[in-house]
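A.B. asks:
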Amino acid sequence: MFRAVLHHQSPRFIHLRQAHPPIMKFQFAVASALVASASAFANLDRPRAFTTPSNRFDTSVKANVLKLSDPAKEILDKTDVFIFDCDGVIWRGDSLIPGIPETLAKLRALGKKMYFVTNNSTKSRAGYKKKFDSLGLDIPAEEIFSSSFAAAAYLEQTKFKDSGKKVYIIGEVGICEELDLIGVPYMGGPEDSGKQPDMGKGGRLEHDHDVGAVIVGFDRMVNYYKIQYAQLCINENEGCEFIATNLDAVTHLTDAQEWAGNGSMVGAIKGCTGKEPTVVGKPSPLMIDYLCDKLGLERSRICMVGDRLDTDVLFGTDNGLQSLLVLSGVTTEEKLLSQGNTITPDYYADTINDFFMESPVKVD
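The sequence shown begins at -9 in the numbering used here and counts up by one.
Below, the structure is given as structure tokens:
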């Protein structure tokens, strides 16, 4: 069994700690999910959210953030496992960042293990496998994690299916495909994209009282019907849970500009319900716990690489990992080095291609 420790903050985060050896059912379930299905993280007590408390490891603000200058010494020699964010690190929108295939090939040649984690819920793991393939990247399916998978895993470990309830989805096909894999009934999602509620005199929107959870993921076809349906379920269905795949403020739909992220959809539901969601995306510690416990890895030998301070870098610092921020995505160098920034990585670089740049010549 596991125990969940509630920390009162907004959104409230829970850290799940293992109380029995790695051979227990949880590890078996996660291992199975890595290979074939979304049946992961089973038989846990019901948590509030998949994130770790900020006081678990030292996350004190560093006076300076160093730019990567000697990759072998600073990162490569110290790291066995790299966890990469996708949007802004591997690709921007549907465009692969130049040099990425060569860099990943070099890392594999060095014997480095890699996992790819995205907070974007629009695709399932199978969908992201297709995206990697379309970009010419041969990434094994078991190395890919998406927040749509995390949402399904959360329902698995809280035994939602046993309740006989349904899920209402604000989101796209990725969440639907992951729920199909675990046999959880759902409604909404793409099917509600063209609907409009009756707002004439006496108009009302009837909702299903058997909805026991609302999952809010990124939705490019979000509309007033979906918002109203979600708030009715959360406000009027007893015990209905509000689940968010992530709280990202912006995302990369194209490589031309930033676009409003899932935080905007989640914010709409928070505004009309007054409730905080259970957040299942980064910075969840569960995958880190699995990697360390199942494979015997040291946290200090894992490096989280991302383009966001509040999800990727925090994921690293809160879980005792090395962390590296790349400037190929959301965060600018100016923001990183500003006095107002309180989340600092160990190093930063322009892109992950800098892992194999030549070390600068020192002049005495």
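The beta-carbon is built from N, C-alpha and C at its ideal position, and this holds for glycine as well. Since this is a predicted model, take the numbers as computed values, not measurements.
By alpha-carbon positions, which one of 77, 97, 86, 64 ends up nearest to residue 249?
C.D. replies: Nearest C-alpha to residue 249: 77.
A.B. asks: Under DSSP, the alpha helix (DSSP H) around residue 329 begins and ends at which residues?
C.D. replies: Taken as a continuous stretch (DSSP letters only), residue 329 belongs to no alpha helix (DSSP H), as it is neither H nor E.
A.B. asks: For residue 327, which residues of its own chain have a beta-carbon under 8 Å away from its beta-carbon, when the five flanking residues on both sides are left out?
C.D. replies: 55.
A.B. asks: Check whether the Cβ atoms of residue 220 and residue 259 sit closer than 8 Å, and answer yes or no.
C.D. replies: Yes, the Cβ-Cβ distance between residue 220 and residue 259 is below 8 Å.
A.B. asks: Could you tell me which residues DSSP puts in a beta bridge with residue 312?
C.D. replies: Residue 312 pairs with 293.
A.B. asks: Tell me residue 231's beta-bridge partners as DSSP assigns them.
C.D. replies: In the DSSP output, where bridge partners are listed per residue, residue 231 has 203.
A.B. asks: Determine whether the beta carbon atoms of residue 168 and residue 150 lie at a separation below 8 Å.
C.D. replies: The answer is no: Cβ separation not under 8 Å.
A.B. asks: In three-state DSSP terms, what is residue 256?
C.D. replies: It is helical.
A.B. asks: Between the Cα of residue 128 and the Cα atoms of 113, 98, 109, 147, which residue gives the shortest distance?
C.D. replies: Answer by Cα proximity: 98.
A.B. asks: So, with DSSP's three-state summary, where would you put residue 82?
C.D. replies: It is a strand residue.
A.B. asks: Could you tell me the alpha carbon to alpha carbon distance between residue 305 and residue 79, rounded to whole angstroms?
C.D. replies: If I take the Cα positions, the gap works out to 15 Å.
A.B. asks: To the nearest angstrom, how far is it from the Cα of residue 93 to the Cα of residue 341?
C.D. replies: Computed Cα separation, rounded: 10 Å.
A.B. asks: I'd like the span of the alpha helix (DSSP H) that includes residue 93, first residue to last.
C.D. replies: Looking at the DSSP string, the run of the alpha helix (DSSP H) that includes residue 93 is 90 to 99.
A.B. asks: How should residue 207 be labelled, buried or exposed, when 16 other C-beta atoms within 10 angstroms of its C-beta is the threshold for buried?
C.D. replies: Per the 10 Å Cβ criterion, buried.
A.B. asks: Using the beta-carbon count (16 or more within 10 Å), is residue 184 buried or exposed?
C.D. replies: Exposed, since its Cβ has fewer than 16 Cβ neighbours within 10 Å.
A.B. asks: For a test of the three-state rule: what should DSSP assign to residue 75, helix, strand or coil?
C.D. replies: In the structure shown, residue 75 sits in a strand (DSSP, three-state: E or B).
A.B. asks: Do we get a CB-CB distance below 8 Å when we pair residue 316 with the residues of chain D?
C.D. replies: You won't find chain D in this structure, because it holds only one protein chain.
A.B. asks: If you draw a straight line from the alpha carbon of residue 190 to that of residue 196, how long is it in whole angstroms?
C.D. replies: Their Cα atoms are separated by approximately 14 Å.
A.B. asks: I need the boundaries of the beta strand (DSSP E) containing residue 107, first residue and last residue.
C.D. replies: Element bounds for residue 107: 103 to 108.
A.B. asks: Does the contact criterion of 3 or more C-beta pairs under 8 Å hold for the region 156 to 173 versus the region 99 to 117?
C.D. replies: Yes: the two stretches touch, three or more of their Cβ pairs being nearer than 8 Å.
A.B. asks: For residue 278 and residue 307, which I take to be in contact (beta-carbon distance under 8 Å), what is that distance rounded to the nearest angstrom?
C.D. replies: Incorrect: roughly 12 Å between the Cβ atoms, too far for contact.
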